[in-house]
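Structure first, then comments.
Protein chains: 2
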Amino acid sequence: MSTQPLLINGTWRESTGAETFQAVNPATKQTMPDEFPVSPWSEVEETLKAADVAFTTIRSWPGERFAAFLESYANIIEARTDSIVDLAHQETGLPVEPRLKNVELPRKTNQLRLAAAAARDGSWVNATIDTAAGIRSQLAPIGPVAVFGPNNFPLAFNSIAGGDFAAAVAAGNPVIAKGHSSHPGTTRLLAEAAHEAAQATDMPPGFVQLIYRTSHQDGAKLVSHRLLGASGYTGSRHAGLVLKEAADRVGKPIYLELSSINPVFILPGALLERGDALAEEFSTSCLMGAGQFCTNPGIVVLKAGTEADQFVDAVSAAFAKATPGTLLSGGVEQNFRAGLVALQRAGAEVLTGNEPADSGRFCYANTLLKVTGDKFLENPHGLQEEAFGNASLFVIASDEDQLARISEQFEGNLTGCFYTETKGKDDALYDRLAPIIRQRVGRLLNDKMPTGVAVSPAMNHGGPFPATGHPGFTAVGIPAAITRFAMLQCYDNVRPHRLPPALQDRNPGDMWRRIDGSWTQSDV
Amino acid sequence: MSTQPLLINGTWRESTGAETFQAVNPATKQTMPDEFPVSPWSEVEETLKAADVAFTTIRSWPGERFAAFLESYANIIEARTDSIVDLAHQETGLPVEPRLKNVELPRKTNQLRLAAAAARDGSWVNATIDTAAGIRSQLAPIGPVAVFGPNNFPLAFNSIAGGDFAAAVAAGNPVIAKGHSSHPGTTRLLAEAAHEAAQATDMPPGFVQLIYRTSHQDGAKLVSHRLLGASGYTGSRHAGLVLKEAADRVGKPIYLELSSINPVFILPGALLERGDALAEEFSTSCLMGAGQFCTNPGIVVLKAGTEADQFVDAVSAAFAKATPGTLLSGGVEQNFRAGLVALQRAGAEVLTGNEPADSGRFCYANTLLKVTGDKFLENPHGLQEEAFGNASLFVIASDEDQLARISEQFEGNLTGCFYTETKGKDDALYDRLAPIIRQRVGRLLNDKMPTGVAVSPAMNHGGPFPATGHPGFTAVGIPAAITRFAMLQCYDNVRPHRLPPALQDRNPGDMWRRIDGSWTQSDV
Chain W
15 MSTQPLLING
25 TWRESTGAET
35 FQAVNPATKQ
45 TMPDEFPVSP
55 WSEVEETLKA
65 ADVAFTTIRS
75 WPGERFAAFL
85 ESYANIIEAR
95 TDSIVDLAHQ
105 ETGLPVEPRL
115 KNVELPRKTN
125 QLRLAAAAAR
135 DGSWVNATID
145 TAAGIRSQLA
155 PIGPVAVFGP
165 NNFPLAFNSI
175 AGGDFAAAVA
185 AGNPVIAKGH
195 SSHPGTTRLL
205 AEAAHEAAQA
215 TDMPPGFVQL
225 IYRTSHQDGA
235 KLVSHRLLGA
245 SGYTGSRHAG
255 LVLKEAADRV
265 GKPIYLELSS
275 INPVFILPGA
285 LLERGDALAE
295 EFSTSCLMGA
305 GQFCTNPGIV
315 VLKAGTEADQ
325 FVDAVSAAFA
335 KATPGTLLSG
345 GVEQNFRAGL
355 VALQRAGAEV
365 LTGNEPADSG
375 RFCYANTLLK
385 VTGDKFLENP
395 HGLQEEAFGN
405 ASLFVIASDE
415 DQLARISEQF
425 EGNLTGCFYT
435 ETKGKDDALY
445 DRLAPIIRQR
455 VGRLLNDKMP
465 TGVAVSPAMN
475 HGGPFPATGH
485 PGFTAVGIPA
495 AITRFAMLQC
505 YDNVRPHRLP
515 PALQDRNPGD
525 MWRRIDGSWT
535 QSDV
Chain B
15 MSTQPLLING
25 TWRESTGAET
35 FQAVNPATKQ
45 TMPDEFPVSP
55 WSEVEETLKA
65 ADVAFTTIRS
75 WPGERFAAFL
85 ESYANIIEAR
95 TDSIVDLAHQ
105 ETGLPVEPRL
115 KNVELPRKTN
125 QLRLAAAAAR
135 DGSWVNATID
145 TAAGIRSQLA
155 PIGPVAVFGP
165 NNFPLAFNSI
175 AGGDFAAAVA
185 AGNPVIAKGH
195 SSHPGTTRLL
205 AEAAHEAAQA
215 TDMPPGFVQL
225 IYRTSHQDGA
235 KLVSHRLLGA
245 SGYTGSRHAG
255 LVLKEAADRV
265 GKPIYLELSS
275 INPVFILPGA
285 LLERGDALAE
295 EFSTSCLMGA
305 GQFCTNPGIV
315 VLKAGTEADQ
325 FVDAVSAAFA
335 KATPGTLLSG
345 GVEQNFRAGL
355 VALQRAGAEV
365 LTGNEPADSG
375 RFCYANTLLK
385 VTGDKFLENP
395 HGLQEEAFGN
405 ASLFVIASDE
415 DQLARISEQF
425 EGNLTGCFYT
435 ETKGKDDALY
445 DRLAPIIRQR
455 VGRLLNDKMP
465 TGVAVSPAMN
475 HGGPFPATGH
485 PGFTAVGIPA
495 AITRFAMLQC
505 YDNVRPHRLP
515 PALQDRNPGD
525 MWRRIDGSWT
535 QSDV
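Chains as they are written, first to last, in my numbering: chain W, 15 to 538; chain B, 15 to 538.
Below, the structure written as C-alpha cells:
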C-alpha cells in the first residue's frame, strides 16, 4: 500500500520524503491502515513558491471570487458529510452524533459561508477615506498563509477547512495547510473537497495546498520564510512558542491559540440559590468532549463554606458516575496524566478520579482536584498548569479578600466566568472581582459556561498571553478574524483610476466605509 | 550643579543612580550644562508599580477624562512654545523656524487634540453588538504603556508628548516615557507640562512618568515586565530588535518603527515631461532636516537614458550647492558615515559629497550615490542599508524588465512613490510595477514625496518588517494608532447593567457602533 499523496501546486502527488506516519483510532488503539508522508523541506519550499505565484495572480481579485470558492467548498463538504464524519470519528474518537455530524460539520460550513459573505460584502477591509487630504486606506491580503490546525476540532478548526483557513481565504490569501498528525485522513478528505472547489471556481493551482507533517525545524522555517505572509497556529504552548519565536524574529505575523484554563468563579449567593443546578451545568460542560476544548473550565474558584462543600461533593459524584470520554490520542492521554501529576506536585489534592480507566481506548478517569486559596497563592503559576482533558481544579478561598488576591494571579486566558445570585446579592463582590479578571481574559461571561464559542461578529476567541500571542485579535468571529491575515495599505495622492475598488469614490456595492469620519454605505 | 530629577509616581525627585549623561548641542558640539540620570532597575520597577496602581484607578474611566488631560496638556505646551522650541533647537540643531515652532510643535498639539477628540467620542473602541447572541465586544485599554521616543522629532514623536504617547493615553493607559538621550532637556520641559496637566485634571500620580535613560538590559526588562501592557518604540533597528525579542518572548505587544529607505520610482514619461521640476522637488525633500526623516527618500529607481542622466546631474548639482544641514548628534554623523561606507562596499559609487563638511558642528556633505540595476540585483540586501541623513542612492535599471526585478527585491518599507507622466504614457509600466511595490510598503504615493506624514484617519505610517514589527498597524493617524494600545474585550451573556457604557443599549453619545452588522450612532 502506497503512501497518501500531498496536494502541491494544484496536483495530488507522491511525497519525495522517506518517512511516514499513521493515525491511530483512539477508541480502539488500533493503527489505521493509511500511511501519510513527512515532507522534507524541499516540498515545503515548493508549496511556498506555488503559493507566491498564486498570490501574484489573485491579490487584486474581488472578494466575489473568494466567496464563490468558499461557498462551493461548503457545498461539496456537505455532500460528503457521512464519509467525512465517519473518518473523523475513527481518527479522533469524537462521537458522530451529535458532535461531528450535527454540531461541528454544520459549524464549519456555516463559518465558510459567513466568510464568503464577508468576502463578497467587503466591509471587513475597513476602507477609510479622507477626501480633504487625498489619503485613502484599506486592509488588503497579506500573502500566503500557513495554517497549523489542532487535534481537538478535526472539522471546525481543521487546517484546510476551519476558522483560520476561512479567514485567510476571505482576506484573499492562498493557504498552505499543515494537517494535524492525529487526523490526517479527515484532512485529506477535506483537502480533496477544497481542491475540487478551487478547480470549479478557477482558482490558481497554488491557492490551497496540503502537507501532512514536517520536522519542527522545517515548521519554523515555513513560518519565517520570506514568501510567507502570516501564520495561524492552534495547539500546544510548547510547539507554538517555537514557531512564534521563529516568526517574530523576522516580523512575520503569527496568530496563536496556545492554552487556557478558563477560570470560573461561582459566588456565594449563586451557590446558595442554585448550587445543585450549577453542579450539573458545570459537570456537563467540563466533561463534554472529554474536556478537550480550548475553553474547558479548568479551574473553579469558590468561597469556603457549606454551599461550596456541597457543590464540590455534587460535582465529585457526577464526575465519578460519568463514563470518561475517549481522549484524542495516546499523546493527549500522556500529557493529561503528566498535567495532573504537575498539579499535584504544585499542591493540589485529588478528590476523585486520577486513575486509569478503560484500557481498550485512550482515556483516563474523570478527575477533580482541590486546593485551598492559601496553597494556590503559594504557587499560582504551578497551579495554572493546563491538564488538557476531563479534569478541573477547585480553588477554595477563605474569604473575599483572598478571592481578590487569587484573581490577581491569573495569567492570560481565553475566558473568565462569573456565576452570581439573580437578585443582586453577589453584585458587590462581582464588582470587586470582575475588573481584575476582565483584564486577564478575552471573553467575560455571566451565568454561562465558556465551552460554547458562537461564530458572532462580537465574539472574542482570544486573550492575553499565554492564551494567545496578542490580545487584540480573535480566532473566531467574522469579520474580525479575517483582519488578522491582512496588511494596512494606504494610498496617498494616488490617481483615482488607480485606486482599488473599495477606495474609489463610487462604492462598489453595499460596503461599509468610513468617509471623513462617518461610517456609510454611500459613495463619496 | 545637581542632576535633573525624574518624574516617578507623581513626584519630581532625584535618581538613586550614580551614572549621568549630558546632551550635546550638535550645532556647536558643546556639551550642554544639565546632567541627566541613568536610572537603575529599581527606579524602572517603581514606575511600573506606580503605573499599575494608576491603571487600576483609571481603567474604567470615560474617555472624557483622558480628553480633558490631553487638551490641558496641549494648552500648557502652547503657552510655553518659546522655551520648548528654544531648548529643542539647542539639543537637536533643528531650526526654530519654521521647523520646530511652526511645524513640529503645532503638529504635536494638534495630535494631542485629535487624540482628545477621539477619546471623548469613543468610536475608536469599535463597539460591536450582536443582539441575538447576547455577545458584545469593544477595544479597551491594555495597561501601562512604555514609550521610547526617537532622536529626530524632539516634539512630535517625543516619548512624553508625541504620537505614541497621545495614542496610548487616548486609549486610557498610563504612560512610562523613556526619553531620548539626545534631547533630555526638551523632554523634561514637556514632562513638566504633562505633570501639571495631569494634576490640573486629577489624574492619579502614576499616570505619566519619565525616566531619561536605562541600560539596554533594563529596557528589555521593562518591555517584557508582567505589569506592562504594551510598548511603542521608534528608533534604530538594532536596539529595537533587542526590545522586540524580549517583548515577543512573553507576548507583550510592541509596536516598532525601525528603518525605511522609501523607494521612489520616477518613470521615463515623467522624467521627459518634468525632469527639472522633479529634480528640484526631490532635492528639497531629501535634504530637508538633513534627511533625518523616517520617510526620507533614500533610494531612487530610474530607467537608463538621457533623461535619467539629466535628472541625476541636476540633483547632483543641487546637492553640491546646498549647505548640508546639521545632524542630530555625533552618533548620527558616525552612523551616517558608516552607512555610506557600507553602501560603497556593496557596490555603490559616489556622485557627489561623501566628505566632511563644517567641522564646527555635526554634519557631513550632501551625498549622492549611484549603482546600476545589475549591481543592485547582485547585492539587493546590502544596497538597502539605511544611511540615515542627507543622502540618497540612484539605481539605474537597464530596461523595464529590470525595473520589475529590482522592485521585487525591496524589503518592507514605510512608503513607496511613483512619479508618472500626467497623460498616461507611463501607465502600463506603473500597472506592472505598482502591485509589486504595493505589497512591500505601508503607503503608496503618486507624484508626491513621502516626507510629509499627514495626521489623517486614513494615514498608514507603518509597513512590513523591517520597517515595523507588524504590517497591520500605523503609528500615525487617529483613531487607528490608538487601537495599538488596546485589547479586545468580549462580554458574553453579561447582565446589562454590568456592561461598559459603550456596550449598553443606549449609546452614551454619538459613538459609531456596529450593531448586528450595521454601523450606527443610534441606540440598540
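Ideal Cβ positions, reconstructed from N, Cα and C, are used throughout, including at glycine.
Interface partners of VAL508 (chain B) on chain W, CB under 8 Å | On the second sequence, position 494 is the one that residue 508 (chain B) refers to. Within chain W, the residues near VAL508 (chain B) are LEU458, LEU459, ASN460.
What is the DSSP secondary structure of ASP506 (chain W), counted as helix, strand or coil?
-> The residue you call residue 506 (chain W) lines up with position 492 of the first sequence. ASP506 (chain W) falls in the strand class under three-state DSSP.
Exposed or buried, HIS194 (chain W), counting other C-beta atoms within 10 Å across all chains shown (16 or more means buried)?
-> Translated into positions along the first sequence, residue 194 (chain W) becomes position 180. HIS194 (chain W) is buried by the Cβ-count criterion.
Using beta-carbon positions only, say whether GLY303 (chain B) and LEU108 (chain B) come within less than 8 Å of one another.
-> Counting from 1 along the second sequence, the entry for residue 303 (chain B) is found at position 289. Counting from 1 along the second sequence, the entry for residue 108 (chain B) is found at position 94. Closer than 8 Å, so yes.
At 7 Å on the CB atoms, spell out the chain W contacts of HIS395 (chain B), in chain order.
-> Start at 1 with the first residue of the second sequence, and residue 395 (chain B) comes out as number 381. The premise fails here: HIS395 (chain B) is roughly 11 Å from chain W at the closest Cβ pair, so nothing lies under 7 Å.
In whole angstroms, what is the alpha-carbon distance linking HIS103 (chain B) and ARG375 (chain B)?
-> On the second sequence, position 89 is the one that residue 103 (chain B) refers to. On the second sequence, position 361 is the one that residue 375 (chain B) refers to. Going from the Cα of HIS103 (chain B) to the Cα of ARG375 (chain B) covers about 13 Å.
In this structure, what does DSSP give as the bridge partners for TRP26 (chain W)?
-> Locating residue 26 (chain W) in the first sequence gives position 12, counting from the first residue. Bridge partners of TRP26 (chain W): W:LEU21.
For my contact list, ASP144 (chain B) and VAL161 (chain B) are in at a C-beta cut-off of 8 Å; report their separation, rounded to the angstrom.
-> Translated into positions along the second sequence, residue 144 (chain B) becomes position 130. Translated into positions along the second sequence, residue 161 (chain B) becomes position 147. No, ASP144 (chain B) and VAL161 (chain B) are not in contact; Cβ-Cβ is about 35 Å, not under 8 Å.
Euclidean distance between Cα positions of ALA540 (chain W) and GLY523 (chain B) | With chain W running from 15 to 538 in the structure shown, residue 540 (chain W) is simply not present.
Answer yes if the segment 147–157 of chain W comes into contact with the segment 501–515 of chain W, meaning at least three C-beta pairs across the two stretches below 8 Å, and no otherwise.
-> yes
Between B:THR482, B:VAL315, B:SER373, which lies nearest to GLN416 (chain B) when the distance is taken from Cα to Cα?
-> The sequence position of residue 416 (chain B) within the second sequence is 402, counting from 1. Closest by alpha carbon: B:VAL315.
Kindly give me the distance between the Cβ atoms of LEU354 (chain B) and ASN165 (chain B), rounded to whole angstroms, as I take these residues to be in contact under 8 Å.
-> Taking the first residue of the second sequence as position 1, residue 354 (chain B) is located at position 340. Taking the first residue of the second sequence as position 1, residue 165 (chain B) is located at position 151. Actually they are not in contact, since the Cβ atoms of LEU354 (chain B) and ASN165 (chain B) sit about 19 Å apart, beyond 8 Å.
Identify which residue in B:GLY438, B:THR61, B:ALA146 has its Cα closest to the Cα of HIS281 (chain B).
-> By one-based count along the second sequence, residue 281 (chain B) stands at place 267. Per the sequence shown, the amino acid found at residue 281 (chain B) is Leu instead of His. Selected option, being the one with the closest Cα: B:GLY438.
Length-filtered (4 minimum) alpha helix (DSSP H) runs lying within the segment 397–466 of chain W = 414–422, 441–452
Segment contact, 8 Å Cβ cut-off, at least three pairs: the segment 332–348 of chain B with the segment 388–405 of chain B = yes
Residues sharing a beta bridge with TRP138 (chain B), DSSP = Translated into the one-based positions of the second sequence, residue 138 (chain B) becomes position 124. In DSSP, TRP138 (chain B) forms no bridge with anything.
Report all residues from its chain with a CB closer than 6 Å to the CB of GLY220 (chain W); omit the five preceding and five following residues, and keep chain order.
-> Numbered from 1 along the first sequence, position 206 holds the residue referred to as residue 220 (chain W). Counting only Cβ-Cβ distances below 6 Å, and skipping sequence neighbours, we find ASN23, ALA64, ALA65, VAL67, ALA68, PRO188.
In chain W, which residues lie less than 8 Å from MET217 (chain B) when you measure between Cβ atoms?
-> Within the second sequence, numbered from 1, the residue matching residue 217 (chain B) stands at position 203. What MET217 (chain B) touches in chain W: nothing, since even the nearest Cβ is about 19 Å away.
Name the DSSP beta bridge partners of SER151 (chain W), please?
-> Walking along the first sequence from the start, residue 151 (chain W) turns up at place 137. In the DSSP output, where bridge partners are listed per residue, SER151 (chain W) has W:THR142, W:CYS504.
Who are the near neighbours of GLU321 (chain W) in its chain, counting only those whose CB is closer than 7 Å to its CB and skipping five residues on each side?
-> The sequence position of residue 321 (chain W) within the first sequence is 307, counting from 1. PRO282, LEU285, LEU286, GLY289.
Can you tell me the Cα-Cα spacing of ASN521 (chain W) and LEU458 (chain B), whole angstroms?
-> The count along the first sequence starts at 1 and reaches residue 521 (chain W) at position 507. The count along the second sequence starts at 1 and reaches residue 458 (chain B) at position 444. Rounded to the nearest angstrom, the two C-alpha atoms are 21 Å apart.
Does any residue of chain W bring its CB to less than 8 Å from the CB of PHE479 (chain B)?
-> Start at 1 with the first residue of the second sequence, and residue 479 (chain B) comes out as number 465. Yes - at least one Cβ of chain W is within 8 Å of the one on PHE479 (chain B).
Which residue comes first and which comes last in the alpha helix (DSSP H) that contains GLY283 (chain B)?
-> For this step, residue 283 (chain B) is matched to residue 269 along the second sequence. From DSSP, the alpha helix (DSSP H) with GLY283 (chain B) extends over 282–301.
Kindly indicate which three-state DSSP category TYR87 (chain W) falls into: helix, strand or coil?
-> Within the first sequence, numbered from 1, the residue matching residue 87 (chain W) stands at position 73. Of the three classes helix, strand and coil, the one that applies to TYR87 (chain W) here is helix, per DSSP.
Pairwise C-alpha distance: GLN231 (chain W) and LEU27 (chain W) = Translated into the one-based positions of the first sequence, residue 27 (chain W) becomes position 13. Translated into the one-based positions of the first sequence, residue 231 (chain W) becomes position 217. One point to set straight first is that residue 27 (chain W) is Arg, not Leu, in the sequence displayed. Taking the straight line joining both Cα atoms gives about 23 Å.
Where GLN44 (chain B) sits in the DSSP three-state scheme | Residue mapping note: residue 44 (chain B) aligns to position 30 of the second sequence, counting from 1. Strand, per DSSP.
Chain B within 8 Å of GLN453 (chain W), Cβ atoms only = In the first sequence, the residue the question calls residue 453 (chain W) occupies position 439. Yes, because at least one Cβ of chain B sits closer than 8 Å to the Cβ of GLN453 (chain W).
Would you say THR488 (chain B) reaches chain W, if we count a Cβ-Cβ gap shorter than 8 Å as a contact?
-> Position 474 of the second sequence holds residue 488 (chain B). THR488 (chain B) counts as touching chain W.
Can you name, in chain order, every residue of its own chain whose Cβ lies under 6 Å from the Cβ of GLY246 (chain W), other than the five neighbours on each side?
-> Position 232 of the first sequence, counting from 1, holds the residue named residue 246 (chain W). Only VAL161, ASP178, TYR269 meet the Cβ criterion.
Nearest-angstrom Cβ-Cβ length linking CYS377 (chain B) and GLY339 (chain B), presumed shorter than 8 Å = Walking along the second sequence from the start, residue 377 (chain B) turns up at place 363. Walking along the second sequence from the start, residue 339 (chain B) turns up at place 325. Indeed they touch by this definition, with Cβ atoms about 7 Å apart.
Just the chain B side, please: which residues come within less than 7 Å of GLN36 (chain W) by C-beta, in chain order?
-> Here the question's residue 36 (chain W) lines up with position 22 in the first sequence. Under the 7 Å cutoff, chain B gives no residues; its nearest Cβ is about 35 Å from GLN36 (chain W).
By the criterion of Cβ-Cβ separation under 7 Å, what are the contact partners of ILE420 (chain B) in chain W?
-> Locating residue 420 (chain B) in the second sequence gives position 406, where the first residue counts as 1. Ordered by position in chain W, no residue passes the 7 Å Cβ test against ILE420 (chain B), which lies about 16 Å from the chain.
Near the ligand MN: VAL346 (chain W) beta-carbon under 7 Å from a heavy atom = Within the structure as shown, the ligand MN is missing, as the structure has no ligands at all.
Can you pull the chain W residues whose beta carbon is under 8 Å from the beta carbon of HIS484 (chain B), in chain order?
-> What you label residue 484 (chain B) is simply residue 470 of the second sequence in a count that begins at 1. The contacting residues are GLY265, PRO267.
Could you pull the start and end residues of the alpha helix (DSSP H) that SER97 (chain B) belongs to?
-> As a working note, residue 97 (chain B) is residue 83 in the second sequence. Residues 95–106.
Determine the burial state of LYS335 (chain W): buried for a count of at least 16 other Cβ atoms within 10 Å of its Cβ, exposed for fewer.
-> Locating residue 335 (chain W) in the first sequence gives position 321, where the first residue counts as 1. By the 10 Å Cβ count, LYS335 (chain W) comes out exposed.
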